[in-house]
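Take a look at the structure below.
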Ligand code: AMP
């Protein structure tokens, strides 16, 4: 069983890299941001509690986040392991996590701030099926329409200039320093996230001592 954490600023490709790894190794991909977005979209009580912080690019309170992670991991559907994306993002979350789980590797996707801005502002999401697009690298065939279901493509509510700047500030202040905490206890691999998705995946597999992608 393998347990990984993936850390990086928004737009560094955490979701894409997690899915590539999860697919090959039969890992469960856990994205705390996706769980929150589901709750916002479905207008649940938790959705109402997190919506404002998310839209502003701020962090949701640690108690709510830890509750979501605990509930998700208690489902025990991860026979071959998991990769958790978007968590931990603060020292307290990291300490909570390290107390409860042994981690096999921490993947750190490294991307300069300028590239973060460029990528995030080009990001689009299908409002119907949730498929991701990027107006730089992964354009839809018809502008503004999803190739899969024809739904309208929209920007994420938190992919605005202001929210991106706030998320970057928080990432540098709160999330990046926890890499040191992991560095002391766990195995952190830092990967340059600027190349294309397949190249990044190959490098991170090499660094983790895993077989090359199939
Ligand atoms: P993401 O899709 O990972 O960028 O997450 C979207 C938003 O969800 C973040 O900007 C935060 O508002 C919230 N969020 C996701 N994960 C966490 C976390 N571990 N701690 C606090 N807030 C989080």
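In UniProt numbering, the protein residues as written are 1 to 214. For each residue, glycine too, the CB sits at the ideal point set by N, CA and C.
Asked, Found
"Contacts around residue 47, its chain only, beta-carbon distance under 6 Å, and the 5 residues preceding and following it disregarded", "39, 40"
"Residue 54 CB to nearest heavy atom of the ligand AMP below 7 Å", "yes"
"Alpha-carbon to alpha-carbon, residue 29 and residue 66", "17 Å"
"Cβ neighbour criterion (16 or more within 10 Å) applied to residue 1", "exposed"
"DSSP-derived helix/strand/coil call for residue 18", "helix"
"Straight-line Cα distance separating residue 68 from residue 3", "17 Å"
"Residue 136 classed as buried or exposed, judged by whether at least 16 other C-beta atoms fall within 10 angstroms", "exposed"
"Residue nearest to residue 197 in terms of C-alpha spacing, selected from 16, 53, 58, 76", "16"
"Residue 31 beta carbon near the ligand AMP (any heavy atom closer than 7 Å)", "yes"
"Contact under 8 Å by Cβ, residue 98 with residue 185", "yes"
"Heavy atom of the ligand AMP within 7 Å of residue 89 beta-carbon", "yes"
"Beta-bridge pairing of residue 31 - partner residues as DSSP gives them", "85"
"Option in 143, 88, 192, 161 with minimal Cα separation from residue 180", "88"
"Residues near residue 147 by beta carbon distance below 7 Å, same chain, minus five either side", "140, 141"
"C-beta atoms of residue 201 and residue 20 nearer than 8 Å", "yes"
"Distance, residue 171 Cα to residue 57 Cα", "10 Å"
"Of the listed residues 118, 154, 107, nearest to residue 129 (C-alpha basis)", "154"
"Pairwise C-alpha distance: residue 163 and residue 45", "23 Å"
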